[in-house]
Amino acid sequence: MSTCTVSEAHPYRSHDRVSVAVHVHDRRVADDLLPALNTAPELRIAAPADSAVADVALVLTELVTDTVTDALTALSERATNPAQRTVLIAGPLRERHLPQIFAAGVVAILPRKDVLPRQVAHALIAAAHGRAVLPDKLTRWLADEIRFLQTNLLASQGLAAGGLTTREVDVLKLVAQGDDTAQIARQLNYSERTIKKITQELMSRLKLRNRAHAVSYALRVGAI
Numbered sequence: 001m002s003t004c005t006v007s008e009a010h011p012y013r014s015h016d017r018v019s020v021a022v023h024v025h026d027r028r029v030a031d032d033l034l035p036a037l038n039t040a041p042e043l044r045i046a047a048p049a050d051s052a053v054a055d056v057a058l059v060l061t062e063l064v065t066d067t068v069t070d071a072l073t074a075l076s077e078r079a080t081n082p083a084q085r086t087v088l089i090a091g092p093l094r095e096r097h098l099p100q101i102f103a104a105g106v107v108a109i110l111p112r113k114d115v116l117p118r119q120v121a122h123a124l125i126a127a128a129h130g131r132a133v134l135p136d137k138l139t140r141w142l143a144d145e146i147r148f149l150q151t152n153l154l155a156s157q158g159l160a161a162g163g164l165t166t167r168e169v170d171v172l173k174l175v176a177q178g179d180d181t182a183q184i185a186r187q188l189n190y191s192e193r194t195i196k197k198i199t200q201e202l203m204s205r206l207k208l209r210n211r212a213h214a215v216s217y218a219l220r221v222g223a224i
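Residue numbers (the UniProt record's numbering): 1 to 224.
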């Protein structure tokens, strides 16, 4: 992977410009894009020595291979700026590479074919300001992965959404219906002391003020 050097005609200017470390696997796309990016008023191309502290890493590649995903991981590990995120311009992606790509800090992915400098500049600025730019298909993939983790991983550990246990969810469902401690205890076959302990422990763990706050939290995270 080569790293683009800063143009002599455009030295570092004000700190409000987004600094971009460019890493090239695809010279043809780089030759098409970099002249325009180097003159964009919102951006400044970082020198190789400043790659680790740049606001955003821009990776240009024809294909995403195991070598490229390993390189993305290495970039993330070398970064000394904890807020640095990566914008990836690449050809078609394989699903098996997606977990490693996102784990490496990639927050924006643009198609290599026919990508325009203004689209790349928008993605770089968005990434620097904490936003993501992803195709609809990848957004759906991420949503499906989160749903899988929520319904399978949490369930395997006896947890529901929001880190609540299944027993806590059962209690909060009845609290939400307006049942008091005695009614909840009878319906769940617990003692009133156990119901009080369950609610006190969950409120303490999640820093919730009272039962109403606990019910509101459970509704917000989709547990009930």
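Ideal placement from N, C-alpha and C gives every residue a C-beta, glycine not left out.
As the structure is a prediction and not an experimental result, all values here were calculated from the model.
Buried or exposed: where does residue i fall if 16 or more other Cβ atoms within 10 Å of its Cβ makes it buried?
i	result
Arg28	exposed
Arg13	The predicted model places Arg13 with a pLDDT of 36, which falls under 50 and marks its position as unreliable, so this point remains unresolved.
Gln177	exposed
Ala128	buried
Ser191	exposed
Thr61	buried
Between residue i and residue j, what straight-line distance do the alpha-carbon atoms span, to the nearest angstrom?
i	j	result
Thr166	Val221	14 Å
Ile109	Thr194	50 Å
Gly130	Ser51	19 Å
Val53	Ser204	39 Å
Leu219	Asp170	13 Å
Val175	Leu202	13 Å
Ala9	Leu34	Confidence in Ala9 is poor, its pLDDT being 34 and thus under 50, which makes the residue's placement unreliable; the coordinate value appears in the next sentence. Taking the straight line joining both Cα atoms gives about 13 Å.
Following the continuous beta strand (DSSP E) through residue i, name the residue where it begins and the one where it ends.
i	result
Val133	Note, Val133: premise wrong, no beta strand (DSSP E); not H, not E.
Ala57	56–60
Val22	18–24
Leu88	85–90
Hey, quick one: how far does the alpha helix (DSSP H) through residue i stretch, first residue to last?
i	result
Ala36	27–39
Pro99	98–103
Arg211	211–220
Thr73	66–78
Assuming residue i and residue j form a contact by the criterion Cβ under 8 Å, report the distance between their Cβ atoms to the nearest whole angstrom.
i	j	result
Glu168	Ile198	6 Å
Only counting runs of 4 or more residues, tell me where the alpha helix (DSSP H) segments fall wholly within the stretch 167–200, in order along the chain. 181–188
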